[in-house]
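Trainee: The numbers in our numbering rise by one with no breaks, and the one at position 100 of the first sequence is 84.
We put the CB at the ideal spot given by N, CA and C, even for glycine.
None of the values given here were measured: they were computed from a predicted structure.
One structure is given below, represented as structure tokens, and several questions about it will come after.
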Amino acid sequence: MKIYKDFYTSPDVVQIARNLIGKYLFVKSEGIVCGGYITESEAYQGPTDRASHAYNNRRTNRTEVMFYEGGRTYVYLCYGIHSMLNIVTGPKDIPHAVLIRGFMPTTGLEAIKKRIGVNNPSAKNFNGPGKLTKALGINAVHNNLDLSGNEIWLEDRGLKLKGKKIIAGPRIGVDYAKEDALLPYRFVLK
DNA sequence: CGGCCGATCCACT
DNA sequence: GTGGATCGGCCGA
């Protein structure tokens, strides 16, 4: 059920990003466990990807966690407002990561509704990386956590994607990455 | 130390 | 389709 090490340590971050669609993400925040299945992801291919924080093996305090062995979280603040949740993947010293961009809640709905201030939420309330972290109560304290722990983890519950397809396309908001901006590293469940 | 800017979202028009 | 909110990381001086 729970996803363990070898899923994360594969060197093919694009394949991992695709495989994360339909997997379940759980987060314990303020003592409450919330979660759901992932509907959108983006791969960031470390050293060779201009859109990655770790492009050209750029190694700083912030990016250090990306160089760990796969299976940890990388959470950072964007635009001074939004926390972004990434899953670090690949072998040690290969700084790949997958940005988790959207999900569909199945657990802890009451706490989620309270956090986002919406009584009858629909898919559009969970279709962006900032919305996801707000709904699940993810922030900087969730950075650099081991996914084999009980604060944040993923599960394979054998979700059947019947009648739905995983669509690949270019990533969002990475125009500055030049030719790498066109790579089909974004996956969306349709 | 100063300045730039981003893996976003929402409320406008 | 546009702009404002808002702040830590990063780089160059």
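(1) How about residue 72 and residue 55: are their beta carbons less than 8 Å apart?
(2) Tell me whether residue 44 is buried or exposed, calling it buried when 16 or more other Cβ atoms sit within 10 Å of its Cβ.
(3) According to DSSP, what are the bridge partners of residue 70?
(4) Take residue 109 and list the residues in its own chain whose beta-carbon comes closer than 8 Å to its own, dropping the five residues that flank it on each side.
(5) If you run the structure through DSSP and keep just helix, strand and coil, what is residue 44?
(6) Whole angstroms are fine: how far does the CA of residue 75 sit from the CA of residue 149?
(7) Is the beta carbon of residue 4 sitting closer than 8 Å to the one on residue 19?
(8) Please return the same chain residues whose Cβ sits closer than 6 Å to the Cβ of residue 111, not counting the five positions on each side in sequence.
(9) Could you please give the first and the last residue of the uninterrupted beta strand (DSSP E) stretch that includes residue 184?
(10) With distance defined between alpha-carbon atoms, name the residue in 123, 62 and 89 nearest to residue 107.
(11) Whole-angstrom Cβ separation of residue 143 and residue 6, contact assumed at under 8 Å?
Mentor: In short:
(1) Residue 72 sits at position 88 when you count from the first residue of the first sequence. Residue 55 sits at position 71 when you count from the first residue of the first sequence. Annotated as proximal: residue 72 and residue 55, with beta-carbon spacing under 8 Å.
(2) Working through the first sequence from its first residue, we reach residue 44 at position 60. Counting C-beta atoms within 10 angstroms of its own C-beta, residue 44 has fewer than 16 neighbours from the protein chains shown and is therefore classed as exposed.
(3) For this step, residue 70 is matched to residue 86 along the first sequence. As a beta-bridge residue in DSSP terms, residue 70 pairs with 58 and 83.
(4) In the first sequence, the residue the question calls residue 109 occupies position 125. Closer than 8 Å at the Cβ level, and outside the excluded window around residue 109, lie 100, 102, 115 and 119.
(5) By one-based count along the first sequence, residue 44 stands at place 60. Here residue 44 sits in coil by DSSP.
(6) Mapped onto the first sequence, residue 149 falls at position 165. Mapped onto the first sequence, residue 75 falls at position 91. Using only the alpha carbons, I get a separation of about 29 Å.
(7) The residue given as residue 4 occupies position 20 in the first sequence. The residue given as residue 19 occupies position 35 in the first sequence. Not in contact: residue 4 and residue 19 (Cβ atoms no closer than 8 Å).
(8) Position 127 of the first sequence, counted from the start, is the residue given in the question as residue 111. The beta carbon of residue 111 lies closer than 6 Å to those of 86 in the same chain, with the five residues before and after it left out.
(9) Only positions -15 to 174 of the chain appear in this structure, which leaves residue 184 out of reach.
(10) Residue mapping note: residue 107 aligns to position 123 of the first sequence, counting from 1. Closest option to residue 107, Cα to Cα, is 89.
(11) For the purposes of this step, residue 143 is taken as the residue at position 159 of the first sequence. For the purposes of this step, residue 6 is taken as the residue at position 22 of the first sequence. Residue 143 to residue 6, Cβ: 5 Å. Contact.
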